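Heads up: the protein sequence lines correspond to chains A and B, in order.
Position one of the first sequence corresponds to residue 1 (our numbering), numbered consecutively onward.
Position one of the second sequence corresponds to residue 1001 (our numbering), numbered consecutively onward.
From the three backbone atoms N, C-alpha and C, an ideal C-beta is built for every residue, glycine too.
All figures in this text were calculated on a predicted structure; none of them were measured in a lab.
The structure appears right after this line, and notes come after that.
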Amino acid sequence: ETGVTQTPRHLVMGMTNKKSLKCEQHLGHNAMYWYKQSAKKPLELMFVYSLEERVENNSVPSRFSPECPNSSHLFLHLHTLQPEDSALYLCASSQEMPPGRGGYEQYFGPGTRLTVT
Amino acid sequence: AQTVTQSQPEMSVQEAETVTLSCTYDTSENNYYLFWYKQPPSRQMILVIRQEAYKQQNATENRFSVNFQKAAKSFSLKISDSQLGDTAMYFCAYSGTYKYIFGTGTRLKVLA
């Protein structure tokens, strides 16, 4: 596998379910991100991890819980979601020097299309 | 807070023609970066071009170039000699320290 991979590619879940999205980057990067992409809305940055430490949480509801066990893996744990959470969830990574400085190219995964019923 | 605005939801261009996508942004920071990303249908988002705010010279990448007007906070993307493979959503993005802000995107269709 190369680049940034995400699993599953599609997920349908009920409002009471618990599921997790997985992201893996094979680029040796030091920063990883979760974005939410909804139709006709800007891409929303949800979480930023730099050197496996969460450094940014843009007021995301607690029903979304990120986990970064190492520099290559990022998870998004989902529970008691709402229908308005249906969207494409994108993972990205970048190599930032120094970490958090911004301005570096982000490499995106293909996304997980989430539908909450 | 920083904002990024793309005022053209959809555009179309004939193959081999030139098209310009608009982007404006707002920030009080002096040191930042601007990007154009491309998201082809059902494919991954990739970087098209990157501009450092402290550089006066406009960035270029083959058929892609930008017109960066720092005082006007404008960052437009020009695609020359448009090709069918340029059909995609194009996102303008702003980056500062731990900040990545994207616009709503412009859907570009290249017509044969």
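Proximity of chain B to F64/A at the Cβ level (cut-off 8 Å) is not reached, the minimal Cβ distance being about 17 Å. Going by DSSP, V60/A is part of no beta strand (DSSP E) at all; its letter is neither H nor E.
Per DSSP, the unbroken beta strand (DSSP E) holding H79/A starts and ends at 73-79. Bounds of any beta strand (DSSP E) do not take in G1103/B, whose DSSP letter is neither H nor E. Per DSSP, the continuous beta strand (DSSP E) segment holding E1052/B begins and ends at 1046-1052. Between S1095/B and chain A, the shortest Cβ-Cβ separation is below 8 Å. Residue-level contact by beta carbon holds for G102/A and chain B, with a gap shorter than 8 Å. Of the other Cβ atoms in all chains shown, 16 or more fall within 10 Å of the Cβ of E96/A; this residue is therefore buried. Ranked by Cα distance from T112/A, the first of S50/A, V4/A, L11/A, T2/A is L11/A. A straight line joining the alpha-carbon of T1104/B with that of C91/A spans about 18 Å. Against L43/A, the close residues of chain B are F1091, F1102, in the order they occur along the chain (beta-carbon pairs closer than 7 Å).
Distance from the CA atom of G1096/B to the CA atom of S65/A, rounded to whole angstroms, is 24 Å. Beta-bridge analysis with DSSP links G1096/B to K1099/B. In the three-state DSSP reduction, D1026/B falls in the strand class (E or B). Judged by DSSP in its simplified three-state form, P83/A adopts helix. Listed along chain A are E105, each with a C-beta nearer than 7 Å to that of R1050/B. Taking 8 Å as the threshold, the shortest C-beta distance from M1011/B to chain A does not fall below it.
Counting only the Cα atoms, T1027/B lies some 29 Å from T1018/B.
Only residues of its own chain outside the window of five on either side were considered, and among them G14 have a CB closer than 6 Å to the CB of T117/A, listed in chain order. As a beta-bridge residue in DSSP terms, S1076/B pairs with N1067/B.
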